[in-house]
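What follows is a single structure, written as structure tokens, with notes after it.
Residue numbers (the numbering used here), protein chains in the order written: chain Y, 1 to 308; chain L, 1001 to 1736.
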């Protein structure tokens, strides 16, 4: 099994993985550190500490990474052509946001084959807010011929703290973008590896079973009593770690605490999918996660990474 | 005289803030010019768009006028300190620069201050800088390392007086005489000299700067394309303005979708295309039905004439409409009564429970109301039970603006009666003072029950609207009740129904509400849960959720709430009648009769009273009645007691007294007969018979007779006037 092409030659127009590789190349050339996905379940690429924590404090930071995202409530047992409980985001964060960030973004679209001379690319108002992260920003959803292909946000606050300098965050919805570029209507039909004939591997080949099984787990099996306990445990652990990390003149244990915060957030999402959280309780859970995020952000600003 | 041109170029500004932004700039900058005394002509705020706010001020004077001013100082020989202070204030160095003047009393220093006018460019530079720094964006942001706040990153400031650049710098952004063209089609810098040049060069660089011109361009292109396809544009002013705010060079393209989508209600398709894709719908002018085509507004003249753009949009529209079909099909599988069960999961208000519980109350009240509004009770109850179900439908979850309408479609689909289906849609009406009111009896029963539940509920928990705060649109609900009752000419004793509703709500808050909340806390804190906690929570909850003692519905506190709610209705009715031109004092005069809860009768009384007072007799009688009331007030105060209203016939001395006594008796009989028949005009006519005897009485008879017995009897006569007339209206509330 081999693809007939030269090493290093990428074809983002016909390959999901080449789309990712092309974006990685593009942002690496710009000077970003290209990170690997964070090894925890998150609802959005933003949750990665490379975005949440690094967007706070005065130090410059330019990074790009793919992040698998899990949104249990979006699961459709693999039956909806556009909705998955597990999908990929490509995330770029530039701090401070450069003056030409819009142009940089447009050039990245060009790199993956979207020609702005016969496509209609538009910046449509979209204010972003994450209650669990205590974060908000202003920006747009970026449309290409009416399709939302990215989120573009200038972070104003994270964890309740002002972002200064401001981080510009670009989030590419990879499946949707790939569907657009490949001209495919169902995510599962995407060509994943760019192969033809027998050597072609589709997105569905890899992930359809994943969707079916996780939808079952998320909606039907997940043990809610245990999950409630996990939530409390993660919450307590996070507080414990932060307590231990507190030194007189600094903080020295934030990242492990933030992991617990991510965990609590995911458990909450699972509980939500199981339908055991009422509307009023929902708000209180969100506030509990936000309190953890805020505590982590406060501590982060007292660490080497968060300080001047 | 010069022309001032300002363009603030930024990243894409939300459509709704573009016109607003230019108006704010105009306000701030012209205010600064006024303060500086710089004269100018008209301002032009018609240029704004996705990336630019452009302000033009015509006929700006070259400079502000010189000002010469004399300022009177301290007297000659005043202490050093006073002199120093004066010099500082006048901006002078030495007292020698002052003249000495004198008046009758003394000699004093006089400072002559000459203030040179400032150049327009200097004043404008300051005005623009201030405006940028103080712009009151509803939401603004910082970017990069900067401190400046703008709606989105600000890139350049074009600032010209005629063709000369006004130099200024705001947070590192220097003004200049250049702008840029269309982001994709002509991104190069353009040197600009004045508005005409600006418009011309930008137009050549694919930017229509005038917002209205962009709207017109979209409309023209859209209508042309529609006509060519033999179709008609579904016009939408809001969408048009939004599209004009999203494009610098709007180019309308047509796309189509599969005919099978047309099985879904047209409102769904129109909403989906508009909300998600900002696309216009088209209809067949012959059948009036929606066509399987749409119009999109792109920002480009594409190299392939828009083929790829239209194709891309068609794909997105297809996915969107597929979602809509999915929602439609899914929803149709679930009977409305099944759907309605999920209303239990939607909190209406934490103290008033879920939508499901609310629906139960509305259904019960609608049933009670049905006979009095001429509706079938079973049908009204059924309509009420189904009318909110669509709130939990997939479709309304996606498109909130379709609430009610979807209910109607789904009701029709499952074979409900016409009346029930109509109620599902129309029970939300009227949504405002100009919205149509429901006319069908079943809809009326449900609409009234819905609104009375809101009103009674928020009164029960003491959350009345205050000032501008009315998050639950309680005032609108009250106005809705008023309009439905009056415009359908319904007789409804409101108090009776408010008591029924209040009883339901209190029962709910007492029992269901507490149980439910205790239960949810139970699950939340499951392992720490014990029975003591339950009883404590019970206690806390009850106290928290009830501002009155637990007791029967007739208890005083509840009575008070109902009376208070009725007086809120009175206030809203006043606002309503005032808008219709009725006198607010007449409304007061009727309301203070007390016990008034039939809106239609109140209005009839007000009308009758109004026409009566417009007659000559009416006006004069009013004066007589008021005179009687005034005398009574004064004398009763002196006596420290209320005059009894039964005059002793034997003590009547004068003819005028006797006539008046007889007239009152006569009038009381006639008016009470008329009132029984609710013939207010006749009651007024009866009242009018008092005019002559009252006048004659005040002419000839002295109330404060030396004989205390006569005085008391005459006061009693006046008191009788008061009591007889107040059955019709409280005349003391009437002005004039």
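Yeah, the Cβ is synthetic: ideal placement off N, Cα and C, and Gly gets one too. On a predicted model such as this, the values are computed, not experimentally measured, just so you know.
- Could you give the residue range of the beta strand (DSSP E) that holds residue 70 of chain Y? What you label residue 70 of chain Y is simply residue 70 of the first chain in a count that begins at 1. Start and end: 61 to 70.
- Indicate whether the contact test is met: 3 or more Cβ pairs, each with one atom in the region 1337 to 1345 of chain L and one in the region 1394 to 1406 of chain L, closer than 8 angstroms. no
- Query: How would you call residue 190 of chain Y, buried or exposed, if buried means at least 16 neighbouring beta carbons within 10 angstroms?
  - Reply: Working through the first chain from its first residue, we reach residue 190 of chain Y at position 190. Per the 10 Å Cβ criterion, buried.
- How about residue 1386 of chain L and residue 1336 of chain L: do their beta carbons lie closer than 9 angstroms? Translated into positions along the second chain, residue 1386 of chain L becomes position 386. Translated into positions along the second chain, residue 1336 of chain L becomes position 336. Yes, Cβ-Cβ distance for residue 1386 of chain L and residue 1336 of chain L is below 9 angstroms.
- Message: Give me the residue from L:1492, L:1644 and L:1238 with the minimum Cα distance to residue 1374 of chain L.
- Response: Walking along the second chain from the start, residue 1374 of chain L turns up at place 374. Ranking L:1492, L:1644 and L:1238 by Cα distance to residue 1374 of chain L puts L:1492 first.
- Message: Please give me, in chain order, every unbroken run of the beta strand (DSSP E) with length at least 3 that falls completely inside the region 1218 to 1288 of chain L.
- Response: 1251 to 1256 and 1280 to 1283
- Run of the alpha helix (DSSP H) containing residue 1012 of chain L, from where it starts to where it stops: Working through the second chain from its first residue, we reach residue 1012 of chain L at position 12. That residue, residue 1012 of chain L, is in no alpha helix (DSSP H); it is neither H nor E in DSSP.
- Please state whether DSSP places residue 1377 of chain L in a helix, a strand or coil. On the second chain, residue 1377 of chain L is found 377 positions in, with the first residue counted as 1. The answer is helix: DSSP assigns residue 1377 of chain L an H, G or I state.
- Could you tell me which chain L residues have their CB closer than 7 angstroms to the CB of residue 122 of chain Y, listed as they occur along the chain? On the first chain, position 122 is the one that residue 122 of chain Y refers to. Neighbours of residue 122 of chain Y on chain L, chain order: 1246 and 1299.
- Item | Buried versus exposed, by CB contacts within 10 Å (16 or more), residue 1248 of chain L | The residue you call residue 1248 of chain L lines up with position 248 of the second chain. Under this definition residue 1248 of chain L is a buried residue.
- Query: From what residue to what residue does the alpha helix (DSSP H) around residue 1415 of chain L run?
  - Reply: Taking the second chain and counting its residues from 1, the one referred to as residue 1415 of chain L is at position 415. Premise fails: residue 1415 of chain L is in no alpha helix (DSSP H) and is neither H nor E.
- Exposed or buried, what is residue 1330 of chain L when buried is set at 16 or more other beta-carbons lying within 10 Å of its beta-carbon? Taking the first residue of the second chain as position 1, residue 1330 of chain L is located at position 330. Exposed, by the Cβ-count rule.
- Grab me the residues of residue 1283 of chain L's own chain with a C-beta within less than 7 angstroms of its C-beta, minus the 5 sequence neighbours each way, in chain order. Walking along the second chain from the start, residue 1283 of chain L turns up at place 283. 1231, 1232, 1234, 1289, 1290 and 1291, listed in sequence order.
- Query: If you draw a straight line from the C-alpha of residue 1549 of chain L to the C-alpha of residue 147 of chain Y, how long is it?
  - Reply: By 1-based counting over the second chain, the position of residue 1549 of chain L is 549. By 1-based counting over the first chain, the position of residue 147 of chain Y is 147. Caution is warranted here: a pLDDT of 41 is assigned to residue 1549 of chain L, below 50, making its placement in the model unreliable, and no coordinate value can be reported.
- Query: How big is the Cα-Cα spacing for residue 1568 of chain L and residue 1688 of chain L?
  - Reply: Mapped onto the second chain, residue 1568 of chain L falls at position 568. Mapped onto the second chain, residue 1688 of chain L falls at position 688. For residue 1568 of chain L and residue 1688 of chain L, the distance between alpha carbons rounds to 32 angstroms.
- Per DSSP, residue 135 of chain Y is paired with what? The residue labelled residue 135 of chain Y in the question sits at position 135 within the first chain. Partner(s): Y:130.
- Task: Specify the secondary structure class of residue 1459 of chain L as computed by DSSP and reduced to three states.
- Result: As a working mapping, residue 1459 of chain L is identified with position 459 in the second chain. Three-state DSSP puts residue 1459 of chain L in a helix.
- Sequence-distant residues of the same chain with beta carbon closer than 8 angstroms to residue 1173 of chain L, five excluded per side: Within the second chain, numbered from 1, the residue matching residue 1173 of chain L stands at position 173. Answer for residue 1173 of chain L: 1148, 1154, 1155, 1156 and 1157, listed in chain order.
- Query: Are any of the Cβ atoms in chain C nearer than 9 angstroms to that of residue 9 of chain Y?
  - Reply: The structure shown contains no chain C; the protein chains it does contain are Y and L.
- Could you check where the alpha helix (DSSP H) with residue 245 of chain Y kicks off and where it finishes? Within the first chain, residue 245 of chain Y is the residue found at index 245, counting from 1. Segment 224 to 245, the alpha helix (DSSP H) holding residue 245 of chain Y.
- Query: For residue 979 of chain L, which option in Y:252, Y:231, Y:62 and Y:95 has the closest C-alpha, if you only look at C-alpha atoms?
  - Reply: An answer regarding residue 979 of chain L cannot be provided, because it is not within the stretch 1001 to 1736 covered by chain L.
- Task: Return the first residue and the last residue of the alpha helix (DSSP H) that residue 16 of chain Y is part of.
- Result: The count along the first chain starts at 1 and reaches residue 16 of chain Y at position 16. Here the alpha helix (DSSP H) through residue 16 of chain Y covers 16 to 30.
- Quick one: what does DSSP say residue 1200 of chain L is sitting in, helix, strand or coil? The count along the second chain starts at 1 and reaches residue 1200 of chain L at position 200. Correct three-state label for residue 1200 of chain L: helix.
- Message: For residue 1530 of chain L, would you say it is in contact with chain Y, using Cβ-to-Cβ distances shorter than 9 angstroms as the test?
- Response: In the second chain, residue 1530 of chain L corresponds to position 530, counting from 1. Model confidence at residue 1530 of chain L stands at a pLDDT of 43, short of 50, so the residue's coordinates are unreliable; what they give is reported in the following sentence. Closer than 9 angstroms: no.
- Every unbroken beta strand (DSSP E) within the region 1303 to 1377 of chain L, with a cutoff of 3 residues, ordered by chain: 1347 to 1349
- Query: What does residue 322 of chain Y pair with, by DSSP beta-bridge criteria?
  - Reply: Here chain Y covers residues 1 to 308 and nothing more, so residue 322 of chain Y does not appear.
- Item | Within-9 angstroms CB hit, residue 145 of chain Y to chain L | As a working note, residue 145 of chain Y is residue 145 in the first chain. At least one chain L Cβ lies under 9 angstroms of residue 145 of chain Y.
- Message: Checking 9 angstroms against the spacing of the C-beta atoms, do residue 62 of chain Y and residue 30 of chain Y come in under that value?
- Response: The residue given as residue 62 of chain Y occupies position 62 in the first chain. The residue given as residue 30 of chain Y occupies position 30 in the first chain. Yes, the Cβ-Cβ distance between residue 62 of chain Y and residue 30 of chain Y is below 9 angstroms.
- N-terminal and C-terminal residue of the alpha helix (DSSP H) that residue 1291 of chain L is part of: The residue labelled residue 1291 of chain L in the question sits at position 291 within the second chain. Looking at the DSSP string, residue 1291 of chain L is not in any alpha helix (DSSP H); the run it does join, the beta strand (DSSP E), is 1290 to 1298.
- Task: State the Cα-Cα distance for the pair residue 1366 of chain L and residue 1450 of chain L, rounded to the nearest angstrom.
- Result: As a first step, residue 1366 of chain L is located in the second chain; it is residue number 366 there, counting from the start. As a first step, residue 1450 of chain L is located in the second chain; it is residue number 450 there, counting from the start. One C-alpha to the other measures close to 8 angstroms.
- Task: Determine the chain L residues that contact residue 165 of chain Y at a beta-carbon separation under 8 angstroms, and present them in chain order.
- Result: For this step, residue 165 of chain Y is matched to residue 165 along the first chain. Result: 1144 and 1145.
- Simplified DSSP assignment, three categories, for residue 119 of chain Y: The residue you call residue 119 of chain Y lines up with position 119 of the first chain. DSSP places residue 119 of chain Y in coil when its eight states are reduced to three.
- Item | Cβ-based contacts, 8 angstroms cut-off: residues of the region 123 to 137 of chain Y near chain L | 123, 124, 125, 127 and 137
- Just checking, does the region 1451 to 1468 of chain L make contact with the region 1350 to 1366 of chain L on the three C-beta pairs under 8 angstroms criterion? yes
- Who pairs with residue 202 of chain Y in a beta bridge, going by DSSP? By 1-based counting over the first chain, the position of residue 202 of chain Y is 202. Answer is Y:191.
- Among the residues of its own chain, which have a CB less than 6 angstroms from the CB of residue 299 of chain Y, if the five just before and after it don't count? By one-based count along the first chain, residue 299 of chain Y stands at place 299. Excluding positions up to five away in sequence, the list reads 242, 251 and 254.
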